[in-house]
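*Asks:* Pasting a structure here, questions to come.
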Amino acid sequence: MRKFLLVIPAALMLGALMGCGAKFTGYCSLSCQDSPPPPPPPTPAITSIFPSMVIAGGPTFTLTVTTDFTTSSPVEWNGTPLPTTVGSSGVLHAGLQAQVPAADIATLGTATISVNGSSNTESFTIESNNGFTFSSVAIQANDMVWDPISQQIYLSVMGSNGTNGNTITALDPSNGQLGISQYAGSNPDQLALASGGSYLYAGIDGTGSVQRFTLPGLGMDINIPLGSSAFNAPYSATDMEAAPGSPHTIAVLHGDVYDSTEGIVIYDDAVARPDSIPAAGTNIGTDIASIQWSPNATQIYGLGIGDGFSILSVNSSGVQFVHDYTRAFAPNPIIEGLRKQKLLKWVITEEG
Numbered sequence: 260m261r262k263f264l265l266v267i268p269a270a271l272m273l274g275a276l277m278g279c280g281a282k283f284t285g286y287c288s289l290s291c292q293d294s295p296p297p298p299p300p301p302t303p304a305i306t307s308i309f310p311s312m313v314i315a316g317g318p319t320f321t322l323t324v325t326t327d328f329t330t331s332s333p334v335e336w337n338g339t340p341l342p343t344t345v346g347s348s349g350v351l352h353a354g355l356q357a358q359v360p361a362a363d364i365a366t367l368g369t370a371t372i373s374v375n376g377s378s379n380t381e382s383f384t385i386e387s388n389n390g391f392t393f394s395s396v397a398i399q400a401n402d403m404v405w406d407p408i409s410q411q412i413y414l415s416v417m418g419s420n421g422t423n424g425n426t427i428t429a430l431d432p433s434n435g436q437l438g439i440s441q442y443a444g445s446n447p448d449q450l451a452l453a454s455g456g457s458y459l460y461a462g463i464d465g466t467g468s469v470q471r472f473t474l475p476g477l478g479m480d481i482n483i484p485l486g487s488s489a490f491n492a493p494y495s496a497t498d499m500e501a502a503p504g505s506p507h508t509i510a511v512l513h514g515d516v517y518d519s520t521e522g523i524v525i526y527d528d529a530v531a532r533p534d535s536i537p538a539a540g541t542n543i544g545t546d547i548a549s550i551q552w553s554p555n556a557t558q559i560y561g562l563g564i565g566d567g568f569s570i571l572s573v574n575s576s577g578v579q580f581v582h583d584y585t586r587a588f589a590p591n592p593i594i595e596g597l598r599k600q601k602l603l604k605w606v607i608t609e610e611g
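Quick look at the structure:
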């Protein structure tokens, strides 16, 4: 029996394969197939708005809408596009900022906030003033504290504000006038008032430190370096509270550029107590976002992201873990939105 060997040129084989489909993708076998289509991109959504309410009859204001959009889209008020810009950091997760005219909040009611192409909407409330009168001051501040002794509100003014940028500035609420102002450093943020009104502590994000000022003159006092994380990222004060009855003592919640909380440290003036949270071997399930001293300064309570709650004890050695409640509260989107804006403060009594 004769045997034959059939040789087909490679160019001819490729041409045959190309002929059984629209294009050759490199993995045709018995039948040609195109590569599977990529999955569709996720539908963009609004994750939060700030503020979520205003008083009827107020002035034009800036509404910040945080989204996971990959391209800029206008914010819509009841379906009408508003003048919209991307947040100052240049990335969309910093927020789309829309100018809401005073005419849109002249009367009580609600408005629907949307973004062109978004999969969801948010509700905005226009509330009654309940007989109160309101005034506004055109200044951009990261945080503010009320001093009952000097009857002043102290503001940590953003560098982008222009006038008084990167300062701690006093505001007289009785007349809406700005008062004494002191340069603080790059990007002053969280503020804490010491008991008795003797000191004001300010977290300075640009230098990774806490600057203390003497009151009422806002004199520059000690500076507390916060150090760096394991990734060599400078710490900043995510939250901080001065100890009740101890103006020289402050608890600082450390965070870094990744917006993660890295622990709690107690400082006496600029000296850190040796025990801090988290300590070696300590496993805290709650990612603490806000802290509060107990009235007798023997404990610190930590409010976590979501529904966590932590109890920590404090002594002369520092702060130690006591207990962690990972399911303490039912998740509440309203409270979570306030926490994200660093506006949620809460009071705990000894009985509570």
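Residue numbers (the numbering used here): 260 to 611. For each residue, glycine too, the CB sits at the ideal point set by N, CA and C. Small disclaimer: the values here were computed from a predicted structure and weren't measured.
#1: On the DSSP bridge assignment, give the partners of residue 309 in chain order.
#2: What would DSSP say about residue 402, mapped onto helix, strand or coil?
#3: Mapping the DSSP letters down to three states, classify residue 304 as helix, strand or coil.
#4: Am I right that residue 496 and residue 511 are in contact with their C-beta atoms under 8 Å? What's the rounded C-beta distance?
#5: What does residue 471 pair with, by DSSP beta-bridge criteria?
#6: In chain order, what residues of the same chain lie with their CB nearer than 7 Å to the CB of residue 465, ignoring the 5 residues before and after it?
#7: Would residue 451 pass as a contact of residue 439 if the rule is Cβ separation under 7 Å?
#8: Does DSSP put residue 482 in a helix, in a strand, or in coil?
#9: Would you check if the stretch 365-374 and the stretch 396-409 touch, i.e. whether three or more CB-CB distances between them fall below 8 Å?
#10: Where does residue 442 land, buried or exposed, given buried means 16+ other C-beta within 10 angstroms?
#11: Taking the alpha carbon of residue 559 as the reference point, which residue from 503, 401, 527 has its own alpha carbon closest?
#12: With distance defined between alpha-carbon atoms, name the residue in 578, 546, 400 nearest to residue 552.
#13: Hey, residue 506 and residue 453 are a contact pair by Cβ (cut 8 Å); roughly how many whole angstroms apart?
#14: Pull up the distance between the alpha-carbon of residue 533 and that of residue 304, whole angstroms please.
#15: Under three-state DSSP, which class holds residue 529?
#16: Are the Cβ atoms of residue 481 and residue 468 separated by less than 7 Å?
#17: Can you name the start and end residues of the beta strand (DSSP E) that residue 511 belongs to?
#18: List the residues that DSSP assigns as beta-bridge partners of residue 340.
#19: State the CB to CB distance for the pair residue 461 and residue 472, rounded to an integer number of angstroms; the pair is presumed to be in contact (CB under 8 Å).
#20: Residue 400 to residue 378, Cα distance in whole Å?
#21: Rounded to a whole number of angstroms, what is the C-alpha to C-alpha distance between residue 318 and residue 361?
#22: Just the Cα atoms here: how many angstroms apart are residue 526 and residue 508?
#23: For residue 413, tell me which candidate among 427, 563, 421, 493 has the shortest Cα-Cα distance.
#24: Could you pull the DSSP bridge partners for residue 448 from this structure?
#25: Pick out whichever of 513, 403, 425 has its Cα sitting closest to the Cα of residue 432.
*Replies:* Walking through what the data contain:
#1: Sequence index remark: in the sequence shown, residue 309 carries index 50 (1-based). Per DSSP, 323.
#2: To locate residue 402, count along the sequence shown from 1; it is residue 143. Looking at residue 402 - three-state DSSP - the assignment turns out to be strand.
#3: Translated into the one-based positions of the sequence shown, residue 304 becomes position 45. Residue 304 falls in the coil class under three-state DSSP.
#4: Counting from 1 along the sequence shown, the entry for residue 496 is found at position 237. Counting from 1 along the sequence shown, the entry for residue 511 is found at position 252. In this structure residue 496 touches residue 511 by the C-beta definition: roughly 5 Å separates them, less than 8 Å.
#5: Counting from one through the sequence shown, the residue named residue 471 turns up at place 212. Residue pairing by DSSP puts residue 471 in a beta bridge opposite 460.
#6: Here residue 465 is taken as the residue at index 206 of the sequence shown, counted from 1. Cβ neighbours of residue 465 beyond the five flanking positions: 444, 445, 446.
#7: Within the sequence shown, residue 451 is the residue found at index 192, counting from 1. Within the sequence shown, residue 439 is the residue found at index 180, counting from 1. No, they are not a contact pair.
#8: For the purposes of this step, residue 482 is identified with residue 223 of the sequence shown, where counting begins at 1. Looking at residue 482 - three-state DSSP - the assignment turns out to be strand.
#9: no
#10: For the purposes of this step, residue 442 is taken as the residue at position 183 of the sequence shown. With fewer than 16 other Cβ atoms within 10 Å, it is exposed.
#11: Within the sequence shown, numbered from 1, the residue matching residue 559 stands at position 300. Measuring from the Cα of residue 559, the nearest candidate turns out to be 503.
#12: Locating residue 552 in the sequence shown gives position 293, where the first residue counts as 1. Checked all of 578, 546, 400; the closest Cα to residue 552 is 578.
#13: Numbered from 1 along the sequence shown, position 247 holds the residue referred to as residue 506. Numbered from 1 along the sequence shown, position 194 holds the residue referred to as residue 453. The Cβ separation is near 4 Å, so the contact holds.
#14: If you number the sequence shown from 1, residue 533 lands on position 274. If you number the sequence shown from 1, residue 304 lands on position 45. If you take the alpha carbons of residue 533 and residue 304, they lie about 44 Å apart.
#15: Taking the first residue of the sequence shown as position 1, residue 529 is located at position 270. Looking at residue 529 - three-state DSSP - the assignment turns out to be coil, as it is neither helix nor strand.
#16: One-based indexing of the sequence shown puts residue 481 at position 222. One-based indexing of the sequence shown puts residue 468 at position 209. No. Outside cutoff.
#17: What you label residue 511 is simply residue 252 of the sequence shown in a count that begins at 1. Unbroken beta strand (DSSP E) run through residue 511: 505-514.
#18: Taking the sequence shown and counting its residues from 1, the one referred to as residue 340 is at position 81. DSSP output for residue 340 lists 335 as bridge partner(s).
#19: In the sequence shown, the residue the question calls residue 461 occupies position 202. In the sequence shown, the residue the question calls residue 472 occupies position 213. The pair is a contact, with the Cβ atoms about 7 Å apart (cut-off 8 Å).
#20: The residue labelled residue 400 in the question sits at position 141 within the sequence shown. The residue labelled residue 378 in the question sits at position 119 within the sequence shown. Between residue 400 and residue 378, the C-alpha separation is close to 32 Å.
#21: Sequence index remark: in the sequence shown, residue 318 carries index 59 (1-based). Sequence index remark: in the sequence shown, residue 361 carries index 102 (1-based). Across the structure, residue 318 and residue 361 are spaced so that their CA atoms are roughly 5 Å apart.
#22: As a first step, residue 526 must be located in the sequence shown, where it is residue number 267. As a first step, residue 508 must be located in the sequence shown, where it is residue number 249. Between the C-alpha atoms of residue 526 and residue 508 there is a straight-line separation of about 6 Å.
#23: Within the sequence shown, numbered from 1, the residue matching residue 413 stands at position 154. Of the candidates 427, 563, 421, 493, the one whose C-alpha sits nearest the C-alpha of residue 413 is 427.
#24: In the sequence shown, counting from the first residue as 1, residue 448 sits at position 189. None, per the DSSP bridge assignment.
#25: Counted from its first residue, the sequence shown places residue 432 at position 173. Residue 403 is the option with its Cα nearest to residue 432.
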